[in-house]
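Residue numbers for the sequence shown, in the working numbering: 16 to 637.
For reference, the structure is listed below as structure tokens.
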Amino acid sequence: MLMRKATVVLMTVGILVGLGAAARALINPNFTPVHLVESSDLILVLKISPADDKGNCTAEIKTCLKGKKPDKPQIINLVNGNKEHGKVVKEIVAGLGDGPAMLFIGKDEKGAPASLLHLSGKWVTLDKAVNGENAWDVDVINSHMEATWAGGTDMLLKIVELLIKYPDTEVPVEGGARWDDQVQLGKIDGKVCSAQAVDVAGKGELWLFVACESGDRVYGFDRKQKKFEDLTAKLKLASKSRAAAWADFNGDGRLDLAAWDGQALSVWLQGADGAFAASAVADAPKGECLGLGALDVGVKGRAGLVWSCAGAPVVLVPDKDKAAVFTQKPLAVNAAAGKEQGPLGPCLIADLDGDGVADVLQIYAKGSVFFKGKGGGEFAEAKACAVGYGQGRNGAFLGDWDMDGRLDVFTLSEDACRLWQNQGDGKFIDMLGISGEIAYISKPGGIAGNVCDFNNDGRQDVFIAYSEQGPQCFFNRGFRSFGHAHKPIDLSESNVLPEACKGQQAGVVADLTGDGAQDMAVVLLNGEVWVFPRAVDGDAALSVSVALPLGGPTLGPVTVSAANDRRSLGAWLVAPGTSEAFLGRLDPGQVKLTWQLPGGKAEEKPFTLEDKPIRFVLPAGK
Numbered sequence: 016m017l018m019r020k021a022t023v024v025l026m027t028v029g030i031l032v033g034l035g036a037a038a039r040a041l042i043n044p045n046f047t048p049v050h051l052v053e054s055s056d057l058i059l060v061l062k063i064s065p066a067d068d069k070g071n072c073t074a075e076i077k078t079c080l081k082g083k084k085p086d087k088p089q090i091i092n093l094v095n096g097n098k099e100h101g102k103v104v105k106e107i108v109a110g111l112g113d114g115p116a117m118l119f120i121g122k123d124e125k126g127a128p129a130s131l132l133h134l135s136g137k138w139v140t141l142d143k144a145v146n147g148e149n150a151w152d153v154d155v156i157n158s159h160m161e162a163t164w165a166g167g168t169d170m171l172l173k174i175v176e177l178l179i180k181y182p183d184t185e186v187p188v189e190g191g192a193r194w195d196d197q198v199q200l201g202k203i204d205g206k207v208c209s210a211q212a213v214d215v216a217g218k219g220e221l222w223l224f225v226a227c228e229s230g231d232r233v234y235g236f237d238r239k240q241k242k243f244e245d246l247t248a249k250l251k252l253a254s255k256s257r258a259a260a261w262a263d264f265n266g267d268g269r270l271d272l273a274a275w276d277g278q279a280l281s282v283w284l285q286g287a288d289g290a291f292a293a294s295a296v297a298d299a300p301k302g303e304c305l306g307l308g309a310l311d312v313g314v315k316g317r318a319g320l321v322w323s324c325a326g327a328p329v330v331l332v333p334d335k336d337k338a339a340v341f342t343q344k345p346l347a348v349n350a351a352a353g354k355e356q357g358p359l360g361p362c363l364i365a366d367l368d369g370d371g372v373a374d375v376l377q378i379y380a381k382g383s384v385f386f387k388g389k390g391g392g393e394f395a396e397a398k399a400c401a402v403g404y405g406q407g408r409n410g411a412f413l414g415d416w417d418m419d420g421r422l423d424v425f426t427l428s429e430d431a432c433r434l435w436q437n438q439g440d441g442k443f444i445d446m447l448g449i450s451g452e453i454a455y456i457s458k459p460g461g462i463a464g465n466v467c468d469f470n471n472d473g474r475q476d477v478f479i480a481y482s483e484q485g486p487q488c489f490f491n492r493g494f495r496s497f498g499h500a501h502k503p504i505d506l507s508e509s510n511v512l513p514e515a516c517k518g519q520q521a522g523v524v525a526d527l528t529g530d531g532a533q534d535m536a537v538v539l540l541n542g543e544v545w546v547f548p549r550a551v552d553g554d555a556a557l558s559v560s561v562a563l564p565l566g567g568p569t570l571g572p573v574t575v576s577a578a579n580d581r582r583s584l585g586a587w588l589v590a591p592g593t594s595e596a597f598l599g600r601l602d603p604g605q606v607k608l609t610w611q612l613p614g615g616k617a618e619e620k621p622f623t624l625e626d627k628p629i630r631f632v633l634p635a636g637k
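In structure tokens form, the structure reads like this:
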């Protein structure tokens, strides 16, 4: 039986907001993809051809996932049934190309045929045609079924294949986590530019770094005393940052800070006692710095910098002997690549084309410029790329939300959020509109965020901080289909710390307490710094965090992929001291890592999580 309690979802005309708009359907906990697969007698993957002059679309059967494969192709008629809805389906099919469609066939509780077609993120209810056993007429575009799965057909195919192989696979319907009592860490005067989790001391403990124009702050969690403390004075860190990047800039195996204060660039070098001392960088680019990022540029042990600025990014290559001495190397820019792209934002640095070498993506409001990495701080000439921030204040971060091993880009701006799915070879497509509740619950005004796994289920989630509302967390239902984490995660719904719901200056989700679960830190508009520790049953949660060492064969960033015993957990960006992979499990079991350092061989490492979190530092090599 295809549906019993949820038969009404199948057979009801479900256009909630019009044929051309995304549906506003809350997740249906009583009929998820798990129930859909269980209740289907036949599940087919189709390739649908455009309609002929009689309105017939021929659907070639590519795969039969469940039931007996029919001998003939399926015929879907667009004019014999609901003509208005058929017109919309015709347009969808015309633009489908080689994209997949899925047909679910079963029976309702009265034994009548009930069938659903899914294509390009739309659900279509079909009626059995009178002129053939393999023929169907369009009934309605069924927006109610968005409550079962809101997302692309390619992502639905992934979750269905997983459910066919492992029927007990969970497809979550709620956030599955809660915050513990919030803790105020301090209050900062002046404009805050960013917040970041950093392993400042190199001991595997992430501290909260807040970059501020009036003076940066570092807050750490004392694991013995079970409390946070302001470590800024102890570290003798007197930096002021409008842009900042952490890396080892002098090759001593300790993490340093590069900070631009709006006028000058300084490198704050960490000494053997953990205290910092400033060294001015004499030969820094002129003009405004829109962002700093660290990367390996081929100087052994010493990281370089990417200076984001108008025109083309500048790579700062460190001297092999002298600290805080850099040589400027502007990247080659094709004038047409960034033409009329609008205002510019900070660059992203990561291996975006899967060749093991970090690339640079210079992002504008309406597009971006892709610099393919060649290794050793060298980059190919720029190529135009689709990724764009949007209008106004902006931000961007990386994750692999479809779990295909390629890093995707999430952008934030005053006009909208966007999720740019990585198609390979420097090509990206905005898929936010068919990515679940995040398509309509995320709002304009996002100013910061990061990929996370706030509920420890191994699926990559999204955290967003906003300038004029409370922060949001979105949980991944499996493959790039997100649900909004409502109360108790959502501060606005929980009525916790109302001041936080007026907006934030910065925020991040990371494991700041070392218990294997990720916490949320936010800097409010009034300068207050708050942490919301994740509530954990027992002493610790189950997770594997993966770090790249200082002093190793590469200073990164590199990509680390992971899988559990059933499915991919996606790819994560890993850089020394600043970016770690975080791989959660809800129950004891295995997590396997795979990685390949530049110039090295592919490596893998399995872990068995039993009763505590594990932190793994990638082998340093020779």
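Ideal Cβ placement from N, Cα and C applies to all residues, glycine included.
None of the values given here were measured: they were computed from a predicted structure.
Can you grab the Cα-Cα spacing for the pair residue i / residue j, in whole Å?
i	j	result
N92	A129	16 Å
Q197	D526	15 Å
P634	L57	48 Å
F622	A411	31 Å
A463	A66	45 Å
K125	P603	Since pLDDT at K125 reaches only 43, below the 50 mark, its modelled position is unreliable, and no value is offered.
V551	G166	31 Å
A36	G316	Low confidence applies to A36: its pLDDT is 40, below 50, so where it sits in the model is not reliable, and the reading given next is rough at best. Computed Cα separation, rounded: 52 Å.
T593	N43	38 Å
I120	A590	47 Å
L601	P187	12 Å
D142	G96	8 Å
A480	S135	30 Å
L132	K62	12 Å
A38	T184	For A38, the predicted structure reports a pLDDT of 45, less than 50, and the residue's modelled location is therefore unreliable. A value from the coordinates is still provided. If I take the Cα positions, the gap works out to 26 Å.
K627	Q475	20 Å
What do you reckon, are the CB atoms on residue i and residue j nearer than 7 Å?
i	j	result
A226	A260	no
S583	M418	yes
F291	K251	yes
V108	V153	no
F494	M170	yes
P248	W275	This sequence places Ala at residue 248; Pro is not what is there. No, the Cβ-Cβ distance between A248 and W275 is not below 7 Å.
L280	A299	yes
N470	F490	yes
Q611	G219	no
D263	A318	yes
Q520	V213	no
Under three-state DSSP, which class holds residue i?
i	result
T574	strand
T609	strand
G493	coil
Y481	strand
L367	coil
G448	helix
M170	helix
M117	strand
V103	helix
K125	Reliability fails at K125, whose pLDDT of 43 lies under 50, so the model's placement of it is uncertain and no value is given.
H499	strand
L284	strand
S256	coil
K81	strand
C362	coil
A37	Per-residue confidence for A37 stands at a pLDDT of 43, beneath the threshold of 50, marking its modelled position as unreliable; no derived number is given.
L512	coil
E618	strand
What are the partner residues of residue i, as DSSP defines its beta bridges?
i	result
W222	V213
V544	G201, V538
E75	K62
E244	G235
T623	Q605
L134	A116, K137
F394	G388
Q377	V384
T342	V332
V561	A596, F631
R549	W194
Does any residue of chain D bring its CB to less than 7 Å from the CB of residue i?
i	result
E514	This model lacks chain D altogether, as it is built from one protein chain only.
Beta carbon of residue i: closer than 6 Å to some heavy atom of the ligand SAM?
i	result
D263	The ligand SAM is absent from the structure shown, which contains no ligand whatsoever.
Which whole runs of the beta strand (DSSP E) in the region 418 to 475 are 3 residues long or more, in chain order?
Listed in chain order, they are 423 to 427, 433 to 439, 442 to 445, 461 to 467.
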